[in-house]
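Right, one structure below, let's go through it.
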Amino acid sequence: MAPSAILRGAGVDLAADIAGREGDPPVLLLHGGGQTRHSWGSAAAALADAGHRAITVDLRGHGHSNWSPDGDYRIERFAADVVALSDGLGRLPALVGASLGGLAALVAVGESERPIATSLVLVDIATRIEAEGRTKIQNFMRAGMRGFDTLDDAADSIAEYIPHRPRPTDLSGLRKNLRQRGDGRWYWHWDPRWITNEDGVDGQRGLVNAERLREAARRIEIPTLLVRGRMSDIVSDESVRELRELVPHAEVVDVSGAGHMVAGDKNDAFNSAVLDFVRRAG
22 MAPSAILRGA
32 GVDLAADIAG
42 REGDPPVLLL
52 HGGGQTRHSW
62 GSAAAALADA
72 GHRAITVDLR
82 GHGHSNWSPD
92 GDYRIERFAA
102 DVVALSDGLG
112 RLPALVGASL
122 GGLAALVAVG
132 ESERPIATSL
142 VLVDIATRIE
152 AEGRTKIQNF
162 MRAGMRGFDT
172 LDDAADSIAE
182 YIPHRPRPTD
192 LSGLRKNLRQ
202 RGDGRWYWHW
212 DPRWITNEDG
222 VDGQRGLVNA
232 ERLREAARRI
242 EIPTLLVRGR
252 MSDIVSDESV
262 RELRELVPHA
272 EVVDVSGAGH
282 MVAGDKNDAF
292 NSAVLDFVRR
302 AG
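Right under this line is the structure:
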């Protein structure tokens, strides 16, 4: 599905969809690694219905957005895009970032010398990332780089990765995240260099430095919310305690029955938590 808008990042064009009226308070939603802007469909609709202007963006190297020309996917590239997007809106947005999108938002807010957002929502991501969960994600992404013979095969792979979520019978939604190439196989819609580049966020040398995340978090002064999937293998109780020490004013909401993909696992509970927080944060 073609994007409804093209926004300017830090040297790349980023595909976006916009819901809500012009002039309403903006909310910029940043998806997780390997996902696309379509992961926010329910949340964007709920925000628009509540009087916000929801902007969902494909991160660089994902979906319909430009790939990094030099294959550079270090966290500072994603964070620079967040700053550029905020500047381009003409009004400070609330930032909602899941996983990679949350890391980019955290670094952007914490390292910027000026305000770039009114509030920050971190979706199942924190300064402490559990290694076992991260390895599970990386293995899933790397396995998918070989592509799939059919959409059914892709659905089977997802079901194995997220066993607590029912396997969909309607596979049309997968067409938003997969592309069929000339060899007839289906491939995830992201730049493979995001994974294979050793200096990238998920490369062997590109793991986001934990102290860098902690230092950025210490500088966050805007209202902050962590929405954690109670079944998450990425954000542990220790992760929550560390974030609360670094950002004492941060609020935390646990979503029962949800794993790392909180918005997809429990849409209604996720939307309710975000809407309430954004409304109170102003």
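Position one of the sequence shown corresponds to residue 22 (this note's numbering), numbered consecutively onward.
Backbone N, C-alpha and C define an ideal beta-carbon position, used for all residues, glycine too.
Since this is a predicted model, take the numbers as computed values, not measurements.
Return the chain-ordered list of same chain residues with a C-beta closer than 8 angstroms to the C-beta of residue i, the five sequence neighbours on each side being excluded.
i              : result
asparagine 288 : Ser63, Ala64
alanine 176    : Arg188, Pro189, Leu192, Leu195
threonine 171  : Trp207
alanine 152    : none
glutamate 263  : Ala147, Thr148, Arg149, Arg235
valine 104     : Ala31, Ala129, Ser133, Ile137
Given residue i, which residues of its chain have a CB within under 6 angstroms of its CB, disregarding the five upstream and five downstream residues?
i              : result
leucine 110    : Pro47
asparagine 198 : Thr57, His210
valine 256     : Asp145, Ala147, Arg249
For a test of the three-state rule: what should DSSP assign to residue i, helix, strand or coil?
i              : result
alanine 180    : helix
glycine 118    : strand
valine 229     : coil
leucine 50     : strand
alanine 125    : helix
arginine 74    : strand
isoleucine 241 : coil
glutamate 263  : helix
aspartate 170  : coil
alanine 40     : strand
isoleucine 216 : helix
Can you give me the C-alpha to C-alpha distance between residue i and residue j, rounded to a whole angstrom?
i              : j             : result
glutamate 43   : aspartate 204 : 43 angstroms
glutamine 201  : aspartate 173 : 13 angstroms
arginine 74    : valine 299    : 12 angstroms
isoleucine 27  : glutamate 132 : 26 angstroms
valine 130     : threonine 156 : 26 angstroms
leucine 113    : alanine 31    : 17 angstroms
methionine 282 : serine 86     : 22 angstroms
alanine 37     : proline 269   : 33 angstroms
With respect to the beta strand (DSSP E) encompassing residue i, which residues constitute its N-terminal and C-terminal limits?
i              : result
arginine 81    : Looking at the DSSP string, arginine 81 is not in any beta strand (DSSP E), and its letter there is neither H nor E.
tryptophan 207 : 207-209
aspartate 102  : Counting along the chain, aspartate 102 falls outside any beta strand (DSSP E), though it belongs to the alpha helix (DSSP H) covering 96-110.
serine 140     : 140-144
Starting from the C-beta of residue i, find all residues in its chain whose C-beta is less than 7 angstroms away, skip the five residues before and the five after it, and write them out in chain order.
i              : result
glutamate 259  : Arg149
asparagine 292 : Ser63, Ala64, Ala67
methionine 166 : Pro213, Ile216
Please list the terminal residues of the continuous alpha helix (DSSP H) segment that includes residue i.
i             : result
threonine 245 : Counting along the chain, threonine 245 falls outside any alpha helix (DSSP H), though it belongs to the beta strand (DSSP E) covering 245-250.
glutamine 159 : 152-165
For residue i, would you say it is in contact with chain D, using Cβ-to-Cβ distances shorter than 7 angstroms as the test?
i         : result
valine 78 : The chain labelled as chain D is not found in the depicted structure, where only one protein chain is given.
Segment contact flag, the stretch 272-284 with the stretch 159-168, C-beta cutoff 8 angstroms, min 3 pairs: Inter-segment contact for the stretch 272-284 and the stretch 159-168 is absent: fewer than three beta-carbon pairs are separated by less than 8 angstroms.
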